[in-house]
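Worksheet: the structure to be examined is printed underneath.
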Amino acid sequence: MSTLDVNHIDAAHGQLKAVHGVSLNVAPGEMLFLLGANGAGKTTLLRSIAGDHRAYSGDVSLAGADISALPAHLRARAGLALVPEGRRLFPQMSVRENLTLGAATARDGPWSVDAVYDAFPNLARLDRSPAGKLSGGEQQAVAIGRALMGNPKAILLDEVSLGLSPAAVDLAYAALAKLREMGLALLVVEQDLSRALRTADALIVMCEGHVTLRAKPAETSLDALAAASFGHIEGEAA
Amino acid sequence: MTSQIINAILLGGYYALLATGLAFMYSVMRIINLAHGTLIVLAAYALWVLGERLSIPLPAGIVVVAAAMFALGMALHHAVLARASRGGELLPILATFGVAIILDNLIFQVFGADSISLAPLVGDLTWASFELPGSLFVGKISVYILLASVVQIGLLEWMLRHTGLGHRIQATSQDRATAALLGIDTARTAAIATGVIAATAMGLRAAWGPYSGSVQLLFAFEAVVIGGAGSLWRVLTGALVLAFAQSLAASIHPQGFLIGGHLAFLAAVFLRLRGAGWSFTALLKSGVRA
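For the record, the sequence lines run as chains A and B.
Each residue of the first sequence is one higher than the one before, counting from 1 in UniProt numbering.
Each residue of the second sequence is one higher than the one before, counting from 1 in UniProt numbering.
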């Protein structure tokens with residue numbers, strides 16, 4: 001059974017339809033990459049799944065339970081975490097305070113501030129620093145740690161590597177690989193197609209709100225992913 | 001002269017007590033609560049009923065009224081504010097204006113137009129005074145009010161910085177959507193904050209009548225605009241500036257008291273809006289922590 005099941009999500013910004021009937025599912029310990037150019041509807045899809053944006057039709061199930069009718073804070077408490085684009089930390093609060101806010105889901109599980117510091121050793125010495133003073137990579141680590149503090153079953157990550165140095169991106173993906181081993185379901189939005197091809201268990205490409213390609217990394221190529229990002233659907237494989 | 005300065009500081013303490021709730025509510029919920037003054041008057045009537053009619057000692061009365069106002073704040077949030085705030089920036093202002101009118105007239109209906117005072121409940125406190133060197137006398141009650149406002153601001157700031165509830169309130173205030181994504185029930189957090197504010201709204205200074213709320217609101221609003229709602233300590237500064245402006249103008253001309261305050265308020269409005277477009281955020285400097 002999948003951890004995250006998304007069925008026929010339609011979402012719009014006012015008159016502008018941003019997501020057209022997209023379905024996907026992510027199994028425990030699976031890392032699904034969502035690719036596509038700017039404006040393809042990836043962020044809107046993620047926000048609709050997390051309840052931050054109201055989809056006007058479609059269902060979302062988490063570990064078999066339908067959470068479509070729940071507002072964002074109850075979806076978080078059900079075990080669905082979103083690491084938003086731009087990280088959205090609380091800049092004046094310390095690293096520890098930001099992490100502790102993540103525990104507002106009141107879910108049981110292995111994660112604590114110390115466990116996050118074990119997973120991201122570079123954060124431990126920044127414990128009392130205001131989050132706004134951190135580098136991009138450190139902020140991304142805090143944002144992922146904050147999501148983990150809620151002991152989620154599935155994590156949605158928007159634009160993980162945006163604005164980060166190559167070393168920081170490697171660190172972030174090393175952490176995600178550990179989470180995959182722990183059996184979390186991961187849905188990752190990424191602009192770097194070659195990184196996605198190397199890392200993913202499965203790939204979905206979107207263009208203008210539609211899915212243009214679904215594939216396993218072994219079945220596809222960089223060229224096919226790029227073509228699908230620009231709307232060519234002849235390469236569809238699933 | 002010294003005596004006027006001391007009295008202005010003490011008056012500023014009173015305005016800060018009034019303004020703290022208004023500023024806090026704006027920071028957390030982005031709502032300018034036009035019923036704030038009326039709620040203070042309502043709390044004062046409740047204290048009066050408990051003390052005068054039921055002979056409950058004032059400290060016990062304060063605890064009871066604080067609890068009741070907390071409940072009223074939560075109820076007000078669920079019944080009016082939460083719904084109204086979905087309708088944009090202006091609707092909650094109109095809604096709280098409506099609440100103020102209803103409560104003012106209900107109070108008038110129940111208690112009549114008599115001015116009443118809590119003075120009989122506190123013995124000689126209202127006219128007792130401390131003697132300072134140089135034969136200066138300052139009213140004890142004014143000193144206690146200044147201390148109360150500093151303690152109130154200190155406690156609220158401490159709560160915001162060092163408790164889980166405070167961090168949730170800050171998160172809700174700064175970025176409601178992200179707070180919700182972390183599993184924070186932003187509506188409940190805001191309702192608790194409203195309750196806390198309503199509970200701290202109390203008056204013990206002068207005699208009041210059923211329609212005193214709007215005057216309290218006016219001074220509170222002026223203090224918040226002069227100081228900025230960003231930090232509660234800035235509200236105290238704003239309240240002191242307002243009190244100094246009023247006292248200074250009163251010493252120039254006997255009728256100058258209110259005009260001096262309004263001039264300081266207008267100067268602050270022009271300074272704050274200079275170069276920025278008109279918006280409440282520009283006017284009040286948002287965010288619990290600046």
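Backbone N, C-alpha and C define an ideal beta-carbon position, used for all residues, glycine too.
Closer than 7 Å to a non-hydrogen atom of the ligand SAH - does that hold for the CB of residue i?
| i | result |
| --- | --- |
| B/His-36 | The ligand content of the structure shown is nil, which means the ligand SAH is not present either. |
Verify the CB distance criterion: does residue i have a CB-CB separation below 8 Å to chain B?
| i | result |
| --- | --- |
| A/Ala-218 | no |
| A/Asp-102 | Checking the sequence, you will find Gly at residue 102 of chain A rather than Asp. Yes - at least one Cβ of chain B is within 8 Å of the one on A/Gly-102. |
| A/Phe-90 | yes |
| A/Leu-82 | yes |
| A/Arg-128 | no |
| A/Gly-41 | no |
| A/Arg-146 | yes |
| A/Arg-96 | no |
Under 8 Å Cβ to Cβ from residue i, same chain only, skipping five residues before and after it: list those, please.
| i | result |
| --- | --- |
| A/Phe-230 | Ala-37, Cys-207 |
| B/Leu-263 | Ala-245, Ala-249 |
| B/Thr-2 | Gly-134, Leu-136 |
| B/Ser-85 | Met-29, Arg-30, Ile-31, Leu-91, Pro-92 |
| A/Arg-88 | Ala-143 |
Taking Cβ positions only, does residue i come closer than 8 Å to chain A?
| i | result |
| --- | --- |
| B/Ser-286 | Note that B/Ser-286 has pLDDT 49, beneath the 50 cutoff, so the model's placement of it is unreliable and the number below is only indicative. It does not: the Cβ of B/Ser-286 has no partner Cβ on chain A nearer than 8 Å. |
| B/Ala-260 | A small fix is needed here, since residue 260 of chain B is Gly in this sequence, not Ala. So, not an interface residue. |
| B/Gly-209 | no |
| B/Thr-172 | no |
| B/Arg-53 | no |
| B/Thr-163 | no |
| B/Ser-190 | Per the sequence shown, the amino acid found at residue 190 of chain B is Ala instead of Ser. Not one chain A Cβ lies under 8 Å of B/Ala-190. |
| B/Leu-160 | no |
| B/Ala-23 | no |
| B/Arg-168 | yes |
| B/Ala-229 | no |
| B/Gly-37 | no |
Which same chain residues end up closer than 6 Å to residue i when comparing Cβ atoms and leaving out the 5 residues on each side of it in sequence?
| i | result |
| --- | --- |
| B/Met-159 | Gly-166 |
| A/Thr-105 | Ala-76, Arg-77, Gly-150 |
| A/Pro-217 | Leu-197, Ala-200 |
| A/Ala-115 | none |
| A/Gly-29 | Arg-180, Gly-183 |
| A/Ala-168 | Gly-137 |
Shortest alpha-carbon distance to residue i belongs to which of the options?
| i | options | result |
| --- | --- | --- |
| B/Asn-105 | B/Tyr-211, B/Leu-271, B/Ile-252 | B/Tyr-211 |
| B/Tyr-14 | B/Val-143, B/Ile-252, B/Gly-261, B/Leu-283 | B/Val-143 |
| A/Ser-23 | A/Gly-29, A/His-13, A/Leu-45 | A/Leu-45 |
| B/Ala-191 | B/Pro-57, B/Leu-76, B/Val-41, B/Asp-114 | B/Leu-76 |
| A/Ala-69 | A/Ala-55, A/Lys-153, A/Gly-79 | A/Ala-55 |
| B/Ile-31 | B/Leu-118, B/Arg-272, B/Ile-116, B/Leu-94 | B/Leu-94 |
| B/Gly-37 | B/Thr-20, B/Val-49, B/Ala-268, B/Gly-51 | B/Thr-20 |
| A/Leu-171 | A/Gly-86, A/Arg-47, A/Gln-140 | A/Gln-140 |
| A/Gly-102 | B/Val-269, B/Gly-164, B/Trp-208, B/Ala-68 | B/Gly-164 |
Tell me which same chain residues have a C-beta within less than 7 Å of the C-beta of residue i, skipping the five on either side of it?
| i | result |
| --- | --- |
| A/Lys-42 | Leu-34, Gly-36, Val-189, Met-206 |
| B/Ile-184 | Arg-168, Ala-171, Thr-172 |
| A/Arg-75 | Ala-50, Gly-51, Ile-67 |
| B/Glu-222 | Leu-242, Gly-261, Phe-265 |
| B/Ile-259 | Ala-249 |
By the 10 Å Cβ neighbour count, where 16 or more other Cβ atoms means buried, how is residue i classified, buried or exposed?
| i | result |
| --- | --- |
| B/Ala-66 | buried |
| A/Gly-137 | buried |
| B/Pro-254 | exposed |
| A/Pro-121 | exposed |
| A/Thr-3 | buried |
| B/Leu-132 | exposed |
| B/Arg-83 | exposed |
| A/His-13 | exposed |
Measuring only the C-alpha atoms, how far is residue i from residue j?
| i | j | result |
| --- | --- | --- |
| A/Thr-199 | A/Gly-163 | 19 Å |
| B/Gly-261 | B/Ile-226 | 10 Å |
| B/Pro-92 | B/Leu-47 | 28 Å |
| B/Leu-42 | B/Ile-102 | 12 Å |
| B/Ala-148 | A/Ala-131 | 34 Å |
| B/Phe-130 | B/Val-138 | 5 Å |
| A/Gly-21 | A/Thr-212 | 12 Å |
| B/Leu-236 | B/Ile-153 | 8 Å |
| A/Leu-123 | A/Tyr-117 | 6 Å |
| A/Ser-48 | B/Leu-182 | 15 Å |
| B/Gln-174 | A/Ala-147 | 18 Å |
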